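Asker: The structure is given below, and queries will be raised subsequently.
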Amino acid sequence: MDLAQACLDGGARLLQIRAKGAEAGWLLDTARAIVARASACEGAQVIVNDRADIARLSGAHGIHVGQEDLAPALVRAQLGDKIVVGVSTHTPEELTAVLREPVSYVAIGPVFPTGTKDTGYDSVGLERVRQVAAVASRHGLPVVAIGGITLDRALDVIQAGAQSVAIISDLLVTGDPAGRVRDYLRRLTI
22 MDLAQACLDG GARLLQIRAK GAEAGWLLDT ARAIVARASA CEGAQVIVND
72 RADIARLSGA HGIHVGQEDL APALVRAQLG DKIVVGVSTH TPEELTAVLR
122 EPVSYVAIGP VFPTGTKDTG YDSVGLERVR QVAAVASRHG LPVVAIGGIT
172 LDRALDVIQA GAQSVAIISD LLVTGDPAGR VRDYLRRLTI
């Protein structure tokens, strides 16, 4: 999707770069290019998965880490207090641990079965999203729901308490990612 057109269309304002096996130089060049193009969109933010070094060097607005990645406190030590730090959680124990960390948001998932990534965890469902949203809100943290989110399921996930949804596969299902983003925006703009 062309970022400039997405801005004009009122499109996505948060872009997450996820390229687990990517070579560092390519990832840095790609992240820098995305950050530069996103700067044309007022309020747009770029989040890099897993790589604090790439987030810092590219000028990204934040980083998303998993349970096996660098701890949020260490990310903050490297990148400072202004950067967005999000963490994936799958279990009540992981959520409890994350709430003691200096995070900007909590991710929960997979909400539904997904073929995008094998997390090693069963899907958690909407009731778990409700539970996590209730706990996170007491800590002033938004919730991002991840895993198996589709256009038909997204509003239910938001109504369960997630402030946003992370979508991968469903953006590609029609062969028109830009159009699919517009579909999401129409469906979720209340």
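Take any residue in the sequence shown, count from 1 to its spot, add 21: that is its number in the working numbering. The C-beta atom is built at its ideal place from N, Cα and C for all residues, glycine as well. Given the structure is predicted, the values throughout are model-derived calculations rather than measurements.
For Ala187, write down the residues that DSSP places opposite it in a beta bridge.
Answerer: Ile167
Asker: For the beta strand (DSSP E) containing Ser217, name the first residue and the last one.
Answerer: In the structure as shown, the chain starts at 22 and stops at 211, and residue 217 therefore has no counterpart that could be examined.
Asker: Measuring alpha carbon to alpha carbon, tell me which of Arg77, Tyr142, Val105 and Val165 ends up nearest Arg53.
Answerer: Arg77
Asker: Classify Tyr142 as helix, strand or coil using the three-state DSSP reduction.
Answerer: coil
Asker: Contact between the region 141-149 and the region 114-127 is defined here as three or more beta-carbon pairs at a separation below 8 Å; is this criterion met?
Answerer: no
Asker: Identify whether Gly46 lies in helix, strand or coil by the three-state DSSP scheme.
Answerer: helix
Asker: Exposed or buried, His160, counting other C-beta atoms within 10 Å across all chains shown (16 or more means buried)?
Answerer: Classification for His160: exposed.
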